[in-house]
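Sequence positions in the sequence shown follow full-length UniProt numbering and run 7 to 463. Beta carbons are placed, not taken as given, at the ideal position from N, Cα and C, and that holds for glycine. Remember, predicted model here, so these are calculated numbers, not experimental data. Below: the structure, in structure tokens.
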Amino acid sequence: KKARLWGGRFRTDTDPVMEKFNNSINFDRRMWAQDINGSQAYAKALAVAGILTTEEAQSIHDGLEKVREEWAAGSFAIEAGDEDIHTANERRLTELIGEAGKKLHTGRSRNDQVVTDLRLWLRDQAAVATADMTVLIQVCCDMAEKHMGVLMAGYTHLQPAQPVRFSHWLMSHVAALQRDMSRLQDMLPRLNTLPLGCGALAGHAFGIDRDLLKRELGFGDVSLNSMDTVCDRDFVAEYMWWSSLTLTHLSQLAEDLIIMNYIRGVALSDAYSTGSSLMPQKKNPDALELLRGKAGRVTGHLCGFLTTLKGLPRTYNKDLQEDKEPLFDTVDTVHDCLRIAAGVVATLTPLPEGLGKALVPEMLATDLAEYLVRKGVPFRETHHISGAAVKMAEDRGFPLSALTPEDLRTLHPSFADDVAALWNYETSVERKNAAGGTAQSSVEAQIARVRGYLVEV
Ligand code: ARG
Numbered sequence: 007k008k009a010r011l012w013g014g015r016f017r018t019d020t021d022p023v024m025e026k027f028n029n030s031i032n033f034d035r036r037m038w039a040q041d042i043n044g045s046q047a048y049a050k051a052l053a054v055a056g057i058l059t060t061e062e063a064q065s066i067h068d069g070l071e072k073v074r075e076e077w078a079a080g081s082f083a084i085e086a087g088d089e090d091i092h093t094a095n096e097r098r099l100t101e102l103i104g105e106a107g108k109k110l111h112t113g114r115s116r117n118d119q120v121v122t123d124l125r126l127w128l129r130d131q132a133a134v135a136t137a138d139m140t141v142l143i144q145v146c147c148d149m150a151e152k153h154m155g156v157l158m159a160g161y162t163h164l165q166p167a168q169p170v171r172f173s174h175w176l177m178s179h180v181a182a183l184q185r186d187m188s189r190l191q192d193m194l195p196r197l198n199t200l201p202l203g204c205g206a207l208a209g210h211a212f213g214i215d216r217d218l219l220k221r222e223l224g225f226g227d228v229s230l231n232s233m234d235t236v237c238d239r240d241f242v243a244e245y246m247w248w249s250s251l252t253l254t255h256l257s258q259l260a261e262d263l264i265i266m267n268y269i270r271g272v273a274l275s276d277a278y279s280t281g282s283s284l285m286p287q288k289k290n291p292d293a294l295e296l297l298r299g300k301a302g303r304v305t306g307h308l309c310g311f312l313t314t315l316k317g318l319p320r321t322y323n324k325d326l327q328e329d330k331e332p333l334f335d336t337v338d339t340v341h342d343c344l345r346i347a348a349g350v351v352a353t354l355t356p357l358p359e360g361l362g363k364a365l366v367p368e369m370l371a372t373d374l375a376e377y378l379v380r381k382g383v384p385f386r387e388t389h390h391i392s393g394a395a396v397k398m399a400e401d402r403g404f405p406l407s408a409l410t411p412e413d414l415r416t417l418h419p420s421f422a423d424d425v426a427a428l429w430n431y432e433t434s435v436e437r438k439n440a441a442g443g444t445a446q447s448s449v450e451a452q453i454a455r456v457r458g459y460l461v462e463v
């Protein structure tokens, strides 16, 4: 019969298929460093509690440093029976230092251990995501600044609506990304809470100082209740939700750019495009389509994992081992997407001519109505009059801007000759100078506000 950490009460070996089914070492080995850090802190706390002698604690610490070197060098040999990263590290430690290694798990369970490792791991990843988000937002702000003079059509219902600055459009996506950044920061205190010292479910029988563990491992808080602690995976679900929303935002940015690329309003760098195996002329926006697609993948992980959690009884259940693969994939996917999005934006070129072709005089119908408002006519009336002008131009088969002041005066006497100056997209855009609008001063204020936020994060 094989040696097992938990083998005392077992008479026969596990079925080989069951062994493969049960093992998580293939994926949770990714947390080897966190597992070692957690165990070193735990050994220290056990010594303070009088469970280990100072020599034993030191020997555990040093033994774990050797285990760390093996992992770092890629020479750690996983053996049959190493179910997960926790059993593997403990097995190797005991091989290296003998008796003292067998005392390390006193009062600890893999239940509080695994969730400690996972929180430590995700905490590091959240820092990576913060850095990735910062780069993406900065790149967008740089592009917005650089191309301030470029105008484009703004749409509602994918119908030409009003002219806007390219920069204003780009900052509209930054606004969403800034909220994502802020949501990510909001999650951190809940994520950074210590689970260790809760045992299997009931708490610690040797009076371990959890506050010491908290300080040793850099946690900001100690979890409230041991039964909750070993089954709480809110932080996993929350991170997946955050990832889903962030990638949903990136999918919207990607879709806008796919459309702009289609109308030749932007040129995408070759570095983020691919060709067709059959059609030689093709240059496809694959980076953008993948960005659009990845949101589905990550949202799928969120839905799947919430379904795993739903209806679980207290406390630890092996279902919870299903948290890691989707979380790891989510974190990797977000990391890739944020870097790709930054690369695409940094290397694209807005094409004022292509973007300009989508600007049509009818997009100034609102400005026409507002012209009369400035002459004292109530907006509800001017909206109607401008609508009649659109109809008149449509009936005659020419653009709205071809209507002369005389034509317009047949609709309302307040149209003066200066109405001809209205057919100017730049003027229209510059009128939107209230906070949050598309006038240059307003867009510049948006950029400054976001840059100021980034400094504080
Ligand atoms: N590999 C397990 C996991 O990922 C560790 C905890 C196992 N605990 C247990 N009692 N079987 O969740």
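For K50, does the count of other Cβ atoms within 10 angstroms reach 16, so buried, or fall short, so exposed?
-> Counting the other CB atoms within 10 Å of its CB gives K50 a total of 16 or more, which places it among the buried residues.
Would you mind reading off the limits of the beta strand (DSSP E) that contains M158?
-> That run of the beta strand (DSSP E) goes L157 to T162.
Let me know if A399 comes out buried or exposed under the rule of 16 or more other beta-carbons within 10 Å of its beta-carbon.
-> With 16 or more other Cβ atoms within 10 Å, it is buried.
Rank E387, Q144, E61 and P367 by C-alpha distance to the C-alpha of L406 and give the top, closest one.
-> It is P367 whose Cα lies nearest to the Cα of L406.
Return the chain-ordered list of same chain residues with a C-beta closer than 8 Å to the C-beta of W127, the five sequence neighbours on each side being excluded.
-> Apart from sequence neighbours up to five positions away, the residues of its chain that approach W127 with a beta-carbon distance below 8 Å are R36, M37 and Q40, ordered along the chain.
Are there 16 or more other CB atoms within 10 angstroms of the CB of T93, so buried, or fewer, so exposed?
-> By the 10 Å Cβ count, T93 comes out buried.
Are R320 and F241 close, meaning C-beta to C-beta below 8 Å?
-> Contact: no.
Own chain, CB closer than 6 Å to E244, minus 5 neighbours either side, in chain order = If the five residues before and after E244 are omitted, its C-beta is found closer than 6 Å to the C-beta atoms of M193, all from its own chain and listed in chain order.
Quick one: grab the DSSP three-state call for L274.
-> L274: coil per DSSP, three-state reduction.
Should T416 go down as buried or exposed, given a rule of 16 or more other Cβ atoms within 10 Å for buried?
-> That one is exposed.
Check whether the Cβ of Y322 sits closer than 7 Å to any heavy atom of the ligand ARG, and report yes or no.
-> Placement of the Cβ of Y322 at a distance of less than 7 Å from at least one heavy atom of the ligand ARG is found.
Selection from Y48, F212 and M369 that minimises the alpha carbon distance to P166 | When only C-alpha atoms are compared, the closest one is M369.
Who are the near neighbours of L176 in its chain, counting only those whose CB is closer than 7 Å to its CB and skipping five residues on each side?
-> Only C146, M149 and A150 meet the Cβ criterion.
In this structure, does DSSP put P291 in helix, strand or coil?
-> Three-state DSSP puts P291 in coil, outside helix and strand.
Boundaries (first-last residue) of the alpha helix (DSSP H) holding Q46 | Run containing Q46: W38 to V54, per the alpha helix (DSSP H) assignment.
In angstroms, rounded to a whole number, what distance separates the CA positions of N28 and N43?
-> When rounded, the distance between both Cα atoms is 25 Å.
Which of the three DSSP states, helix, strand or coil, is assigned to R320?
-> In the structure shown, R320 falls within a coil segment according to DSSP collapsed to helix, strand and coil.
Looking at C-beta atoms only, is the number of pairs between the segment 290 to 304 and the segment 194 to 213 that lie closer than 8 Å three or more?
-> They do not touch, by the three-pair rule.
Best match in C309, G205 and F172 for proximity to residue 5 [C-alpha to C-alpha] = Only positions 7 to 463 of the chain appear in this structure, which leaves residue 5 out of reach.
Would you say the beta carbon of D238 comes nearer than 7 Å to a heavy atom of the ligand ARG?
-> Checking every heavy atom of the ligand ARG against the Cβ of D238, none is found closer than 7 Å.
Regarding K289 and the ligand ARG, is the C-beta to nearest heavy atom distance less than 7 Å?
-> Here the distance from the Cβ of K289 to the nearest heavy atom of the ligand ARG is not below 7 Å.
Burial state of A422 (16 or more Cβ within 10 Å) | Exposed, because fewer than 16 other Cβ atoms sit within 10 Å of the Cβ of A422.
Could you confirm whether any beta carbon from chain C is found closer than 8 Å to the beta carbon of V156?
-> Absence of chain C from the displayed structure is noted, only one protein chain being present.
Per DSSP, which one or two residues make a beta bridge with Q168?
-> When DSSP reads this structure, Q168 sits in a beta bridge with G160.
Using a threshold of 8 Å, state whether the C-beta atoms of L99 and L70 are closer than that.
-> Yes, Cβ-Cβ distance for L99 and L70 is below 8 Å.
Should the segment 283 to 298 be called in touch with the segment 243 to 263, which here means at least 3 C-beta pairs below 8 Å?
-> These segments touch.
Beta-bridge pairing of P356 - partner residues as DSSP gives them | Note: P356 is bridge-paired with V272 in the DSSP secondary-structure output.
Please classify T280: does DSSP put it in a helix, a strand, or coil?
-> Strand, per DSSP.
Would the beta-carbon of N117 be found less than 7 Å away from any heavy atom of the ligand ARG?
-> Shortest gap from the CB of N117 to any heavy atom of the ligand ARG: under 7 Å.
Relative to the ligand ARG, is the shortest distance from any of its heavy atoms to the C-beta of residue 6 smaller than 7 Å?
-> Limits of the chain in this structure are 7 at one end and 463 at the other, which puts residue 6 out of reach.
Measure the Cβ-Cβ separation of A454 and T355 and say whether it is below 8 Å.
-> In this structure, T355 does not lie closer than 8 Å to A454 by Cβ.
Closer than 6 Å by C-beta to residue 3: which residues in its own chain qualify, once you throw out the five before and the five after it? Chain order, please.
-> With the chain covering only 7 through 463, there is no way to say anything about residue 3.
Rounded distance between the beta-carbons of G56 and A211, thought under 8 Å | Contact doesn't hold; Cβ gap of about 13 Å is too wide.
Would you say H92 touches the ligand ARG, meaning its beta carbon is less than 7 Å from a heavy atom?
-> Flag set: Cβ of H92 near the ligand ARG.
Apart from the five residues on each side of it in sequence, which residues of its chain come closer than 7 Å, Cβ to Cβ, to H111?
-> In the same chain as H111, and ignoring 5 residues on each side of it, the C-beta atoms closer than 7 Å to its own belong to E96, in chain order.
With a threshold of 7 Å, establish whether the CB of Q46 neighbours any heavy atom of the ligand ARG.
-> Within the chosen limit of 7 Å, the ligand ARG does not reach the beta carbon of Q46 with any heavy atom.
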